[in-house]
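Residue numbers (this note's numbering), protein chains in the order written: chain A, 24 to 172; chain B, 16 to 81.
Quick reminder that beta carbons are idealized off the backbone N, C-alpha and C, glycines included.
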Amino acid sequence: MITHYLFPHTYKKFGLLLIVLCTPLLILNWLEVFEFSFLIDTSPMNNSISGIVKNNGDYNLEVFLSTVLIGLTLISFSKFRIEDELTNYLRSKALFYAFTIELLCVLFSIWSFHGINFALVMCYFTLVPIILYTLLLHFFYYYNQFKNK
Amino acid sequence: MKNTLKIQRAIHSITQEELANSIGVSRQSINAIESGKFVPSTILALKFARYFNISVEALFILEKRD
Numbered sequence: 024m025i026t027h028y029l030f031p032h033t034y035k036k037f038g039l040l041l042i043v044l045c046t047p048l049l050i051l052n053w054l055e056v057f058e059f060s061f062l063i064d065t066s067p068m069n070n071s072i073s074g075i076v077k078n079n080g081d082y083n084l085e086v087f088l089s090t091v092l093i094g095l096t097l098i099s100f101s102k103f104r105i106e107d108e109l110t111n112y113l114r115s116k117a118l119f120y121a122f123t124i125e126l127l128c129v130l131f132s133i134w135s136f137h138g139i140n141f142a143l144v145m146c147y148f149t150l151v152p153i154i155l156y157t158l159l160l161h162f163f164y165y166y167n168q169f170k171n172k
Numbered sequence: 016m017k018n019t020l021k022i023q024r025a026i027h028s029i030t031q032e033e034l035a036n037s038i039g040v041s042r043q044s045i046n047a048i049e050s051g052k053f054v055p056s057t058i059l060a061l062k063f064a065r066y067f068n069i070s071v072e073a074l075f076i077l078e079k080r081d
């Protein structure tokens, strides 16, 4: 069983801890009732690219969101107590459903908010995962054929 | 594909937990295999056969629709 790409089981607890700590802060920040002052850059804005990209110098949301994402990554990519064939199969199944649901959600949200005029945006969002899937699938398929000639 | 895992377990009087610990999988995997929800790999099938000291064909039986 190939599991070397997964974190140890204990990392799940760290991930859960990050989510438990940062989700309330994220919600409070989103409701604009809480923020860390040290995450607000008060230096004057300049006209450079980085200056323009800055979200008014407030990095609270970015930091909380990133921490929640890191937590989720730690949870999803760390081993279960017993990592066997069934868990591997369930991982693949979950990944497939996540990919499909995400694709449908993106398509539906763009279509419902912006209508058919944003067909090009819909195509871009849809194309990236499908292109990746097609390329990877055919790469694995033909590489396997080539190796087993 | 059906299997005689449950029967073999009953013959040897062992629980799902004991079998799972001996083979190195979770109890949920044994349950999923026994109920036909999950088909194990060749390696796992061979491990079961070796554990019960019978052939793989005696443990896993192909059905007409397979």
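Check your understanding: Between the Cα of Asn83/A and the Cα atoms of Ser99/A, Leu54/A, Asn111/A and Thr96/A, which residue gives the shortest distance?
Key -> Among Ser99/A, Leu54/A, Asn111/A and Thr96/A, the Cα nearest to that of Asn83/A belongs to Leu54/A.
Exercise for review: Could you please give the first and the last residue of the uninterrupted alpha helix (DSSP H) stretch that includes Glu106/A?
Suggested key: No alpha helix (DSSP H) holds Glu106/A; DSSP gives it neither H nor E.
Practice item. Could you check what DSSP says for Asn171/A in three-state terms: helix, strand or coil? Key: DSSP places Asn171/A in coil when its eight states are reduced to three.
Point to revise | Backbone CA spacing between Lys62/B and Ser44/B [nearest angstrom] | key: 14 Å
Exercise for review: Would you kindly report the start and end of the unbroken alpha helix (DSSP H) that includes Tyr28/A?
Suggested key: In the DSSP assignment, Tyr28/A falls outside any alpha helix (DSSP H) and carries neither an H nor an E.
Exercise for review: Return the Cβ separation of Val129/A and Phe148/A in integer angstroms, given the expectation that the two are a contact with Cβ distance under 8 Å.
Suggested key: 5 Å
Exercise for review: Please list the residues of the segment 25 to 53 of chain A that have a C-beta atom closer than 9 Å to any C-beta atom in chain B, keeping them in chain order.
Suggested key: none
**Study point:** Leu109/A versus Arg65/B - alpha carbon distance
**Key:** 20 Å
Exercise for review: Could you tell me which residues DSSP pairs with Ser56/B in its beta bridges?
Suggested key: Answer is none; Ser56/B lacks a bridge partner.
Review point. What residues in the segment 106 to 122 of chain A bring their beta carbon closer than 8 Å to a beta carbon of chain B?
Key: Asp107, Glu108, Leu109, Thr110 and Tyr112
Exercise for review: Have a look at Val71/B and Glu106/A and give me their C-alpha separation to the nearest angstrom.
Suggested key: Taking C-alpha positions only, Val71/B is separated from Glu106/A by approximately 23 Å.
Review point. What is the rounded straight-line gap between the Cα of Tyr120/A and the Cα of Leu20/B?
Key: The alpha-carbon atoms of Tyr120/A and Leu20/B are separated by roughly 30 Å.
Review point. Cβ atoms of Tyr156/A and Phe131/A: under 9 Å apart, would you say?
Key: no
Exercise for review: Check the Cβ of Val71/B against every Cβ in chain A and list those closer than 8 Å, keeping chain order.
Suggested key: Near Val71/B there are no residues of chain A at all, since even the closest Cβ is about 16 Å away, more than 8 Å.
Practice item. Please check if any C-beta of chain A sits within less than 9 Å of the C-beta of Ser44/B. Key: yes
Check your understanding: chain A partners of Ser56/B, CB-CB under 7 Å?
Key -> Correct list: Glu108.
Practice item. Closer than 8 Å by C-beta to Arg104/A: which residues in its own chain qualify, once you throw out the five before and the five after it? Chain order, please. Key: His32
Point to revise | Cβ-based neighbour list, Lys35/A, same chain, cut-off 6 Å, excluding 5 preceding and 5 following | key: Ile98 and Ser101
Check your understanding: With DSSP run on the structure shown, which of helix, strand or coil describes Phe100/A?
Key -> coil
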